[in-house]
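Peer 1: Read left to right, the sequence shown gives residues 1 to 85 (UniProt numbering). Cβ atoms here follow ideal geometry from the backbone N, Cα and C, with glycine treated the same way.
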Amino acid sequence: MADKSSSNAYWKANIRLIQVCLVIWALVSFGFGIILRPMLMGINVGGADLGFWFAQQGSILVFLVLIFFYAWRMNQLDREHGVEE
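#1: For residue 54, count the other beta carbons within 10 Å of its own beta carbon; 16 or more makes it buried, fewer makes it exposed. Which is it?
#2: Quick one: Cα of residue 6 to Cα of residue 85, how far?
#3: Got a sec? Which residues, its chain only, sit under 7 angstroms from residue 39 by beta carbon, not counting five neighbours each side?
#4: What span of residues does the alpha helix (DSSP H) with residue 9 cover, start to end?
#5: Can you check which of these residues, 56, 67 and 60, is closest to residue 20 by C-alpha distance?
#6: Does residue 65 come out as helix, strand or coil in the three-state DSSP assignment?
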(Lines of atoms letter the chains of each structure in order from A; the text may use other names.)
(Lines give C-alpha, C1' and ligand atoms only; values in the text may rest on other atoms or scores of the structure.)
Protein backbone atom coordinates (compact mmCIF):
# COMPACT_ATOMS: atom_id res chain seq x y z
CA MET A 1 0.00 0.00 0.00
CA ALA A 2 1.83 3.02 -1.26
CA ASP A 3 -0.50 5.91 -0.54
CA LYS A 4 -3.14 7.09 1.91
CA SER A 5 -6.09 6.66 -0.49
CA SER A 6 -5.20 3.02 -1.10
CA SER A 7 -4.95 2.45 2.65
CA ASN A 8 -8.33 4.11 3.20
CA ALA A 9 -9.91 2.00 0.45
CA TYR A 10 -8.50 -1.17 1.99
CA TRP A 11 -9.83 -0.39 5.46
CA LYS A 12 -13.18 0.77 4.10
CA ALA A 13 -13.58 -2.59 2.29
CA ASN A 14 -12.41 -4.45 5.41
CA ILE A 15 -14.89 -2.67 7.72
CA ARG A 16 -17.70 -3.16 5.20
CA LEU A 17 -16.98 -6.90 5.07
CA ILE A 18 -17.01 -7.11 8.87
CA GLN A 19 -20.32 -5.24 9.01
CA VAL A 20 -21.95 -7.57 6.47
CA CYS A 21 -20.72 -10.66 8.32
CA LEU A 22 -21.98 -9.31 11.66
CA VAL A 23 -25.41 -8.50 10.23
CA ILE A 24 -25.73 -12.02 8.79
CA TRP A 25 -24.59 -13.54 12.08
CA ALA A 26 -27.04 -11.41 14.11
CA LEU A 27 -29.93 -12.16 11.76
CA VAL A 28 -29.34 -15.91 11.95
CA SER A 29 -28.52 -16.07 15.68
CA PHE A 30 -30.99 -13.60 17.13
CA GLY A 31 -33.46 -13.19 14.30
CA PHE A 32 -34.17 -16.78 13.30
CA GLY A 33 -33.28 -18.39 16.62
CA ILE A 34 -35.08 -16.05 19.02
CA ILE A 35 -37.22 -13.31 17.44
CA LEU A 36 -38.68 -15.24 14.49
CA ARG A 37 -38.92 -18.59 16.29
CA PRO A 38 -42.72 -18.49 16.71
CA MET A 39 -43.15 -18.04 12.95
CA LEU A 40 -40.73 -20.90 12.18
CA MET A 41 -42.32 -23.42 14.56
CA GLY A 42 -44.41 -25.08 11.85
CA ILE A 43 -41.41 -26.10 9.76
CA ASN A 44 -39.69 -29.30 10.92
CA VAL A 45 -36.00 -30.04 10.43
CA GLY A 46 -34.66 -33.30 11.81
CA GLY A 47 -37.55 -33.75 14.22
CA ALA A 48 -37.35 -30.21 15.67
CA ASP A 49 -38.90 -26.95 14.58
CA LEU A 50 -36.80 -24.67 12.37
CA GLY A 51 -36.50 -21.91 14.99
CA PHE A 52 -35.05 -24.36 17.52
CA TRP A 53 -32.73 -25.76 14.85
CA PHE A 54 -31.39 -22.28 14.05
CA ALA A 55 -30.89 -21.54 17.75
CA GLN A 56 -29.04 -24.81 18.42
CA GLN A 57 -27.33 -25.84 15.17
CA GLY A 58 -27.93 -23.39 12.36
CA SER A 59 -26.33 -20.36 13.96
CA ILE A 60 -23.17 -22.36 14.71
CA LEU A 61 -22.95 -23.65 11.14
CA VAL A 62 -23.56 -20.20 9.68
CA PHE A 63 -20.89 -18.79 12.01
CA LEU A 64 -18.37 -21.36 10.75
CA VAL A 65 -19.25 -20.56 7.13
CA LEU A 66 -18.80 -16.84 7.88
CA ILE A 67 -15.34 -17.48 9.32
CA PHE A 68 -14.18 -19.26 6.18
CA PHE A 69 -15.86 -16.68 3.93
CA TYR A 70 -14.18 -13.84 5.81
CA ALA A 71 -10.74 -15.46 5.53
CA TRP A 72 -11.23 -16.14 1.80
CA ARG A 73 -12.50 -12.62 1.07
CA MET A 74 -9.76 -10.96 3.14
CA ASN A 75 -7.14 -12.87 1.18
CA GLN A 76 -8.68 -11.46 -2.00
CA LEU A 77 -8.71 -7.92 -0.56
CA ASP A 78 -5.10 -8.29 0.54
CA ARG A 79 -4.08 -9.27 -2.99
CA GLU A 80 -6.11 -6.45 -4.55
CA HIS A 81 -4.46 -3.85 -2.30
CA GLY A 82 -0.95 -5.32 -2.35
CA VAL A 83 -0.71 -6.34 1.30
CA GLU A 84 -0.78 -10.12 0.97
CA GLU A 85 1.51 -12.24 3.10
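Peer 2: So, from the data block:
#1: buried
#2: 17 angstroms
#3: none
#4: 4-26
#5: 67
#6: helix
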